[in-house]
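In what follows, a single structure is set out as structure tokens and then discussed.
Protein chains: 2
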Amino acid sequence: MKNHSFFLLLFIFLSVAPTVSVLSQAKTDTDTDAKFIRQLHNAALTEGRCYPWLHYLTKRVGARLAGSPQAAAAVEYTFQMLDTLGLDSVWLQPCTVPHWVRGDKEIVQVTQSNMGEAGLHAIALGNSVGTGEHGISGEIIAVMGVDELEKLGEAKIKGKIVLFDRPFDATKLNTFEAYSGAVDQRGSGPSEAARFGAIGVLVRSMASGLDDVPHTGGTGYKDGIPKIPACAISTNDAELLGQMLKTGPVRVYMRTTCQMLADRPSFNVIGEIRGSEHPEKIIVVGGHLDSWDVGEGAHDDGAGCVQSMDVLQLFKRLNYKPKCTIRCVLFMNEENGLRGGLAYGSEAARKGENHLAAIESDRGGFTPRGFTVDGESAGAPEKLKAMQAWSSLLAPYNLTIKGGGGGADISPLKKQGALLIGYEPDSQRYFDYHHTAADVFEAVNKRELELGTAAMASLVYLLDKYGL
Amino acid sequence: MKNHSFFLLLFIFLSVAPTVSVLSQAKTDTDTDAKFIRQLHNAALTEGRCYPWLHYLTKRVGARLAGSPQAAAAVEYTFQMLDTLGLDSVWLQPCTVPHWVRGDKEIVQVTQSNMGEAGLHAIALGNSVGTGEHGISGEIIAVMGVDELEKLGEAKIKGKIVLFDRPFDATKLNTFEAYSGAVDQRGSGPSEAARFGAIGVLVRSMASGLDDVPHTGGTGYKDGIPKIPACAISTNDAELLGQMLKTGPVRVYMRTTCQMLADRPSFNVIGEIRGSEHPEKIIVVGGHLDSWDVGEGAHDDGAGCVQSMDVLQLFKRLNYKPKCTIRCVLFMNEENGLRGGLAYGSEAARKGENHLAAIESDRGGFTPRGFTVDGESAGAPEKLKAMQAWSSLLAPYNLTIKGGGGGADISPLKKQGALLIGYEPDSQRYFDYHHTAADVFEAVNKRELELGTAAMASLVYLLDKYGL
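Protein chains in written order, with numbering that gives the first Met the number 0: chain A, 0 to 467; chain B, 0 to 467.
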């Protein structure tokens, strides 16, 4: 071999060697990652604690609207459970929450129509005012949305009860899109109708299908407009009113005694494993501890809470020592005020905390689909692209990462640069249960819930290891 | 421009033009396909009939074991429904089915143990013999599988009741893998235990989790070995027996009066749209009409039947005229004999029919995942690869095509060259319901069922248009 050939080869070797080394390191990491993600799934499916925790939270604590005794019990229970896990810190973070109470069982009755009388399955919207002890009566005027009010005008609306009747679009594959396309009726319908002199509002329930179960959910009154009482009615009953209205005028009596009381003190419940290398970098995984006051808040959002707790349980069980601080946050009052999320965000800002990412599970405890990354988070496009490099590690579990929403509770962290991530389970069944008496423990499947925990733990692991 | 440049350009143009044309044709086809697959989904979600059909089949007909009056009613009902669709032919295909009857409610009781007595949740295995009017009593010996019998030998087994106690492996992501890993205990356990002198068999239910619901399912006796009675017990009760056995001997009394009666005549129910270009090429889509005799056979396999019927309904509704013949086959007696599948296969062979492909839906009416293609079908690897070219059309609906099983009823078509395809929904909940009293209409979600119909219709459309 001539000298210059030797040097050429040496040069080639020196050029190639680092690449080989990097590739081989990458391969080793991929194997390690795949193995650990498999371990997380195995442990979630055999040693997970989310399911019994959910049983207690739903069956022993029950529905837990912010300000209620059950919300206080939920704070105490989850604090105690986190405190059994050997975390580095577990604490309560104070917040002040609105205290709305439903009062008597709602009465909504058709008192006059060409098809006779009928009692309707109704539930007052959260935050709404009551009708007064004697109730109210009025003729129904149906609209398919807020836009129609302007066209009808005060002449046709004044003194009446407006029925917002636009259904979910069944052709949306993701039911959250159907929800988004209808929920303005519940959120702003009462104030918009009151603007034209309506005395009350009925809203077709935010539901995927036809049944007898009414769905509650928050409404918001606008300043300077009279606050009028508002109920959701079941989708079957909305259909019935539609039939009745085809035959002539329909009069309805409604009575609700709900009211907003003085704010109450409450808490977010927080537990964390401190980072071994970058304790100042925080990854949040969380759900909301409050629920509506009917059912048991199983899918919404008991599931998200116990999954978030279980992520930390799994890390401790598998003796995983994260580089960053992994923090489980159970937010109070997502449903009718977001005070817990706001309090957490304020406190994080005050302390100048560095939140790398925040994952919220608040779409039910169904079979995992993956994660959605909030497109407006700082550097979202590049971060999403970087995360999609993990696809091959997540694909065996049918998990994908794509653009989409983060979560309400974590949204205040966006302005501090946190990447907001929503855990995404299959959506088909969610709006059969959402905000209803049917959202009970039995509606949650153990394996589907546990696989959600495993999915979230896997993503936290990758975020912790590779950063963003 | 010089002449030779002109000719060069002409040459280039002539070379490229056909490619462009092919590409542009392919693009047009892709657009057309995407549009039609979207139409199929929209129609399934808004004008599908599978859900009300399933309601009738489960609530008005009910459990429909082969040979039962309900099975006859199911034949009549589905024939009548197919006959409303304006198909080219609807007919009944005769087959002869075994007629097994359960008899009295099973009794399985712990009569002696150091933890006292206990009644167990039990259900006789399909096809099993009864204990006789007076029942049998014996000491329990637990094994984790058929292999252990040999090690224990006749000395330890003779005169006893063998408990096959190997649970599902919870770490299998697809529950059908867990089922495959345990079901040999139910299928061959009784004869294997009888070989060593056992007088009866209990089997831990083929279930994903712990609950009180026993799962029936077929067992098969081997010739020349005494037929001994066999029951499944709930997984909770299997755990209880395990605890009891740790404390000392456990004696059990069991009484079943099931028996196999003489065969009965029955039918497959078939409807078809004749192909406009290749009527001789047949694509089958089907499920099985019989169910076990408990519950309502909603997921297993009412779902598969009504989805298959709805595929034809959608094609007629959208006025789609297939090139090939699309045939919906509702097979009789999958659960305890496969006589319908065998009869269909024989008749197809006798007539020399050309089955391009057969799709079976028999894994429940859950959210679609995609399809599995039987690897042993003729030309499977190439056909699978060709089908995977449709991935981009199916991805928006979260559908994938991969290797896997076809289906029991369609399996006799394999030797005639049909590509066997299994419709694959999400598997997490299936073995909570499979072969139990809990497999009822209410366990099926309307949208999940309808999306399954749409998935199957989409694949049939692509198979029809592009062949294999």
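Virtual Cβ for every residue (Gly too), placed ideally from N, Cα, C. Values in this document were obtained by computation on a predicted structure and should not be read as measured data.
Neighbourhood of K445(A) in chain B, by CB distance below 7 angstroms: G208, in chain order.
Here L260(B) is exposed. Its C-beta has fewer than 16 other C-beta atoms within 10 Å.
Apart from the 5 residues on each side of it in sequence, A197(B) sits with its Cβ closer than 7 angstroms to the Cβ of I156, K159, I160, V161, I227 in its chain, given in chain order. The shortest C-alpha to C-alpha distance from D82(A) to any of A117(A), L311(A), G219(A) is the one to L311(A).
Using a Cβ-Cβ distance cut-off of 8 angstroms, the region 373-380 of chain A and the region 434-450 of chain A are not in contact, since fewer than three pairs of beta carbons, one from each stretch, lie closer than that value. Measuring C-alpha to C-alpha distances from K221(B) to each of L39(B), S127(B), V60(B), M386(B) identifies S127(B) as the nearest.
Distance from the CA atom of T234(A) to the CA atom of A123(A), rounded to whole angstroms, is 15 angstroms.
Shortest Cα-Cα distance from G404(B) to any of K384(B), D361(B), L393(B), S390(B) involves D361(B). About 40 angstroms separates the Cβ atoms of F35(B) and A206(B), ruling out a contact at the 8 angstroms cut-off. Nearest CB-CB separation between Q427(B) and chain A: below the 8 angstroms threshold. Straight-line measurement puts the Cα of N173(A) at about 41 angstroms from the Cα of E132(A). Judged by DSSP secondary structure, L448(A) falls outside any beta strand (DSSP E) and instead within the alpha helix (DSSP H) spanning 445-465. Considered as a whole, the region 317-382 of chain B harbours 338-350 as its complete alpha helix (DSSP H) runs of no fewer than 4 residues, in chain order. The Cβ of T435(A) sits no closer than 8 angstroms to any Cβ of chain B.
When DSSP states are grouped into helix, strand and coil, D309(A) belongs to the helix group. Membership of P93(A) in the beta strand (DSSP E) is indicated by the continuous run 88-100. Within its own chain, the residues whose Cβ lies closer than 7 angstroms to the Cβ of M80(B), once the five positions on either side in sequence are excluded, are W52, M308, listed in chain order. Within the same chain, K322, C323 come within 8 angstroms of E276(A) by CB-CB distance, once the 5 residues on both sides are set aside. Judged by DSSP secondary structure, L151(B) falls outside any beta strand (DSSP E) and instead within the alpha helix (DSSP H) spanning 146-156.
Looking at the DSSP output, R254(B) bridges to I106(B). Between E147(A) and L209(A), the alpha-carbon positions lie close to 24 angstroms from each other. DSSP places L39(B) in the helix class (H, G or I) of the three-state scheme.
Residue ranges of uninterrupted alpha helix (DSSP H) with 4 or more members, entirely inside the region 27-72 of chain B and ordered along the chain, are 49-54.
Residue state for Q242(B) is assigned as helix, using DSSP reduced to three classes.
Taking the beta carbon of N41(B) as reference, the chain A residues within 8 angstroms of it are T170, listed in sequence order. For the region 381-409 of chain A, the beta-carbon criterion of a distance under 8 angstroms to any beta-carbon of chain B is satisfied by P395, Y396, N397. Annotation for R446(A): L44 place their beta carbon closer than 8 angstroms to its own, counting only its chain and skipping 5 residues before and after. For T174(A), the enclosing alpha helix (DSSP H) has its first and last residue at 174-179. Beyond the five residues adjoining it in sequence on each side, G406(A) comes within less than 6 angstroms, by CB distance, of E359, D361, G421 in the same chain, given in chain order.
Residue pairing from DSSP places A141(A) in a beta bridge opposite L162(A). S136(B) and E116(B) have their C-alpha atoms spaced approximately 14 angstroms apart. Within the same chain, Y55, L56, V60 come within 7 angstroms of Y76(A) by CB-CB distance, once the 5 residues on both sides are set aside. Taking L462(B) as the centre and dropping the five residues before and after it, the same chain places the C-beta of I282, A356 closer than 6 angstroms to its C-beta, in chain order.
With contacts defined as CB atoms closer than 8 angstroms, P424(B) and F330(B) fail to qualify as a contacting pair.
Closer than 8 angstroms to the CB of L260(B) there is not a single CB belonging to chain A.
In chain order, L392 place their CB closer than 7 angstroms to the CB of A33(A), counting only its own chain and leaving out the 5 sequence neighbours on each side.
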